[in-house]
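Since the structure comes first, as structure tokens, the remarks are kept for the end.
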Amino acid sequence: MEITITIVAGSHSEVRRKLCKNIKGKVFHVTTDVGWEGIQAKGAILPSNSCNEIEKVWTGPAVGYFRSRGCVSLCDFYHNTNMKKIIEATRKYCFYHPSRKSKSSYLLILDHSLYDSLITWDKWKEEKAYRESIVPNLESGFKGSISLAMITGVIEVQLHDY
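This note's numbering numbers the first residue of the sequence shown as -19 and each following residue consecutively.
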């Protein structure tokens, strides 16, 4: 199965503007170039606690809410629709900014059929799991691994002013 990769390149403001058109209403996993290579080799996105050290270039804190529950962390622009809160969340976690060890970041767009299976950040509030990190109004999780067959496209983000 061939996955289409769309390249979005430019300055921070150009990339932000272009991405807003491409990700509205979508859910995606963010990874690095090394992570993307590992995902392709394994044929799936694995929960962070299943990855080897070379793939953990950009997986977040060890006490992450979704990581501790065996989930793949996702940016959720489907369940989280309040743009004011999303903008505030992206100021705290600039998901399209590549890590220092990667030339690009990759947004792996999930098939819409998985959206109802997601655990939204609201669960974190219900559980009062305040000692575990999460990106409010943006992050959701998927329990277990996600097959590449469930990825409908990939956006490679290249920042020119990085």
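Cβ atoms here follow ideal geometry from the backbone N, Cα and C, with glycine treated the same way.
* Please report the residue range of the alpha helix (DSSP H) in which G5 lies. => G5 -> no alpha helix (DSSP H), and no H or E assigned at all.
* To do: Give every residue of the same chain whose Cβ lies closer than 7 Å to the Cβ of H(-8), excluding the five residues on either side of it in the sequence, and list them in chain order.
  => L139 and D141
* **The beta strand (DSSP E) enclosing V134, as first and last residue numbers** => I131 to L139
* Kindly indicate which residue of I3, I(-15), S28 and S125 has the alpha-carbon position closest to the one of D56. => I3
* **Best match in L118, I114 and K(-2) for proximity to P48 [C-alpha to C-alpha]** => Rather than Pro, the amino acid found at residue 48 in this sequence is Ser. Measuring from the Cα of S48, the nearest candidate turns out to be I114.
* So, using beta-carbon positions, are V134 and L87 closer together than 8 Å? -> yes
* Asked: Touch check for the segment 56 to 69 and the segment 97 to 106: three-plus C-beta pairs under 8 Å?
  -> yes
* I(-13) - containing beta strand (DSSP E), residue span -> I(-15) to G(-10)
* **Cα-Cα separation between Y76 and G50, rounded to whole angstroms** => 23 Å
* Asked: Taking Cβ to Cβ, would you say T12 is nearer than 8 Å to S85?
  -> yes
* I(-15) versus W16 - alpha carbon distance -> 12 Å
* To do: Determine which residues share a DSSP beta bridge with C51 and list them.
  => K123
* **D56 in three-state terms, based on DSSP** => strand
* To do: Measure the C-alpha to C-alpha separation of N32 and V43 and round it to an integer number of angstroms.
  => Low confidence applies here, because N32 scores a pLDDT of 45, under 50, leaving its location unreliable; read the following figure in that light. Approximately 17 Å between the Cα atoms of the pair.
* Answer yes or no: do F8 and G121 have a C-beta to C-beta separation smaller than 8 Å? => no
* Asked: Contact check, L128 vs I(-13) under 8 Å by CB: the rounded distance?
  -> L128 to I(-13), Cβ: 19 Å. No contact.
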